[in-house]
Structure formats: C-alpha cells, structure tokens
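*Asks:*
In our numbering, the protein residues as written are 22 to 338.
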C-alpha cells in the first residue's frame, strides 16, 4: 500500500473512531437527561401524592366520637415518610408535620423521595416510614385536660400488630370503635409485631401500664392515657418525642387562652377564677417539658384542672 492509501485509511479510521466517541457521548447525555427527567417526574408525582394525602387527613377529626378510621389506597407500592419538626421561633412556634413519598418504579426499585409537603396542624404518629398500598389511619382526640388536638396513627396492610393480654377496654375499642383490620388479638401471624401487656417474652413492643411506659427497639418512652399509649406503640421514638413536644407547645398556648377566659368571666360575669392559677402552673410545666419522661410532672395539675372545670358554674370548655 502506498503512502497516499495509508494516509486515507488512517484518516478514515480516525473519523470512524471520532464518530463513535461523539455518538457514545450523545447517547450517554440522552440517557442521563431521560433519567434526570424521570427523577424529576417521580419527585413531582411524589410531592403531589403527599399533598393529596395531606388533604385526605383533614376530615380525620374525632369530634364527639372516641375514635375514627380512614383508609388511603394507592395504585402502586408506596412509602410514606412522615416526619416531625419542632418549632422554635415566633413564626414557627408550633412546628410542623411533613410528608414525603417514594413509589416503586417499573423496575421494582424504590424511586427518589419526593419533595417535602408541610402541614401545620397535624400530628402523625408512625414509624420512620410506612409502606404498602393500603394505609390505615386511626384518629383519637388528645385531651390534656382540654382538647389539644387529634392524634393520627399511621399503619399499613404490610404490617400487622398482635396485641397479647391487652386490657378489655383496649380490645373493645380496637374491635368496635377503630375496627382495625391489621390489629389482632388471637391467631396472630408469625411475622406480626407482638405487642405485650403482661409479659416480656418474645415481644417486639412491651407496654407496662403500672409504669406508663412503652419499650420498643430497645428504647423506652412514657405516656399518660390510652391516646398517647397508642401513639407510643405505633411510633418510632424520634417521632413520638417530637410530636409530644409539638403538642405541649399547643397545650401551653391553650392554657394561656383559657386562663384569660377565666379572668374575663370573673371580671364580666362574676364567676370565680377557680382554676386561673392552676392554668398558669400547668402552662409553666408544659413550657419546660423536655421529653415524655416529664409527663408525670403534669398529671396532678391536669387532674386538678379537669375536676375543677367540671364542677365550676362557668365551665371553660
């Protein structure tokens, strides 16, 4: 082969290699752009789903009922990430509830977690994430001693709870008021989460009513009343403690409101301010509460205020 032919072959080879490199780069960039577009779409769809879930939570107010239940169904396998943010400043004193969503893709992998949706006046108690297609949300009113808010317990069809040796009042409420399909009392599946009330053998969650404590994953939290007991059973410790602090901030402000109402009724109507000082004391305890272990310090004040308000001529609530 002469020099001219060699030069042409070399130029042809180089042009071919260059075209392949450029083509591979374009193909890579195209695939990369499609993946990023799909990620963005999944995040936006997750954010939209989170907003829809937030909207579905609005009717879940217990009102005069002891408890309510709702079911949220999704078309594909979904993970709900509820999170809690404790408030601090004057503009965000009560903190907020956040929800993020991840959905399974066509390749059977979990997609990126969607954009965070914030809700100011909800209190969801759950594990760090809950997955499934059918989500059960149970709601109960938290009164301490006046109504502070409605607590929402989030579970799903992928997890069943087995309550062992539960008190009769608990069994009656779950079977009648909550009508919970994933909470059982007998014939419990092997993979169910075992919630024990009178034994600690082979249990995932241990409820000690005499100590008003719930032990789970090697950690203990404390409660007052069945409403918080349920919350402790269904929640991770982080979410439980965070939501409790949010509730106490709300209770503190309600104590201020009722204390002012008591003073107003005394000045305008002549009703004796029998619980005004008690509400001031309760407010101070609510403000300084740091964890569920401090709940016991509020009980005597709550009980005293509840009794006095019931017997007052001018009841505050």
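All C-beta atoms, glycine included, are put in the ideal place defined by N, C-alpha and C.
Look at the alpha carbon of residue 295 and the alpha carbon of residue 206, and state the distance between them as a whole number of angstroms.
*Replies:* Computed Cα separation, rounded: 45 Å.
*Asks:* Would you tell me roughly how many angstroms separate the C-alpha atoms of residue 146 and residue 120, rounded to the nearest one?
*Replies:* If I take the Cα positions, the gap works out to 12 Å.
*Asks:* Tell whether a beta-carbon distance below 7 Å holds between residue 323 and residue 156.
*Replies:* Cβ distance not < 7 Å, so residue 323 and residue 156 don't count as in contact.
*Asks:* Rounded to whole angstroms, how far is the Cβ of residue 214 from the Cβ of residue 256, which I believe are closer than 8 Å?
*Replies:* Wrong, their Cβ atoms sit about 13 Å apart, outside the cutoff.
*Asks:* Flag this pair as touching only if the stretch 241 to 248 and the stretch 128 to 141 have three or more C-beta atom pairs under 8 Å; answer yes or no.
*Replies:* Contact fails: fewer than three Cβ-Cβ distances are below 8 Å.
*Asks:* Find out if the Cβ-Cβ distance for the pair residue 117, residue 106 is shorter than 7 Å.
*Replies:* In this structure, residue 106 lies closer than 7 Å to residue 117 by Cβ.
*Asks:* How many whole angstroms separate the CB atoms of residue 269 and residue 303, which I take to be in contact at a CB cut-off of 8 Å?
*Replies:* Not really, about 10 Å apart at Cβ, beyond 8 Å.
*Asks:* Between which two residues does the beta strand (DSSP E) containing residue 290 stretch?
*Replies:* First-last for residue 290: undefined, no H or E at that position.
*Asks:* If you follow the beta strand (DSSP E) that residue 119 is in, where does it begin and where does it stop?
*Replies:* Looking at the DSSP string, the run of the beta strand (DSSP E) that includes residue 119 is 117 to 124.
*Asks:* Buried or exposed: residue 62, going by 16 or more other Cβ atoms within 10 Å of its Cβ?
*Replies:* Residue placement at residue 62 cannot be trusted, given a pLDDT of 45 that sits under 50; what the coordinates show is reported in the next sentence. The residue is exposed, with fewer than 16 neighbouring Cβ atoms inside 10 Å.
*Asks:* Tell me residue 214's beta-bridge partners as DSSP assigns them.
*Replies:* According to DSSP, residue 214 bridges with 182.
*Asks:* Just to confirm, is the Cβ distance from residue 177 to residue 168 under 7 Å?
*Replies:* Contact: no.
*Asks:* Could you name the residues of the same chain whose beta carbon sits closer than 6 Å to that of residue 209, not counting the 5 residues immediately before and after it, in chain order?
*Replies:* Result list for residue 209: 183, in chain order.
*Asks:* Going by Cα to Cα distance, which pick from 186, 260, 204 and 113 is closest to residue 227?
*Replies:* Out of 186, 260, 204 and 113, 186 has the C-alpha closest to the C-alpha of residue 227.
*Asks:* Rounded to whole angstroms, what's the CA-CA distance from residue 134 to residue 104? Just pull it up for me.
*Replies:* Their backbone Cα atoms lie some 13 Å apart in a straight line.
*Asks:* Alpha carbons only, please: which of 291, 277 and 115 is nearest the one belonging to residue 299?
*Replies:* Comparing Cα-Cα distances from residue 299 to each of 291, 277 and 115, the minimum goes to 277.
*Asks:* Output yes or no for whether 7 Å exceeds the beta carbon distance between residue 318 and residue 306.
*Replies:* Yes. Within cutoff.
*Asks:* Identify which residue in 201, 216 and 154 has its Cα closest to the Cα of residue 174.
*Replies:* Among 201, 216 and 154, the Cα nearest to that of residue 174 belongs to 201.
*Asks:* Report buried or exposed for residue 222, applying the criterion of at least 16 other Cβ atoms within 10 angstroms of its Cβ.
*Replies:* The residue is exposed, with fewer than 16 neighbouring Cβ atoms inside 10 Å.
*Asks:* Which runs of the beta strand (DSSP E) fall wholly inside the stretch 131 to 161 and span at least 3 residues, in chain order?
*Replies:* As far as the stretch 131 to 161 is concerned, its whole beta strand (DSSP E) runs of at least 3 residues are 138 to 140 and 144 to 146.
*Asks:* Does residue 251 come out as helix, strand or coil in the three-state DSSP assignment?
*Replies:* Three-state result, residue 251: helix.
*Asks:* Verify the CB distance criterion: does residue 319 have a CB-CB separation below 7 Å to chain E?
*Replies:* The structure shown contains no chain E; it is built from a single protein chain.
*Asks:* What first and last residue would you give for the alpha helix (DSSP H) that runs through residue 311?
*Replies:* Premise fails: residue 311 is in no alpha helix (DSSP H) and is neither H nor E.
*Asks:* Over the uninterrupted beta strand (DSSP E) stretch that includes residue 18, give me the two end residues.
*Replies:* With the chain represented from 22 up to 338, any question about residue 18 goes unanswered, as that position is not in the structure.
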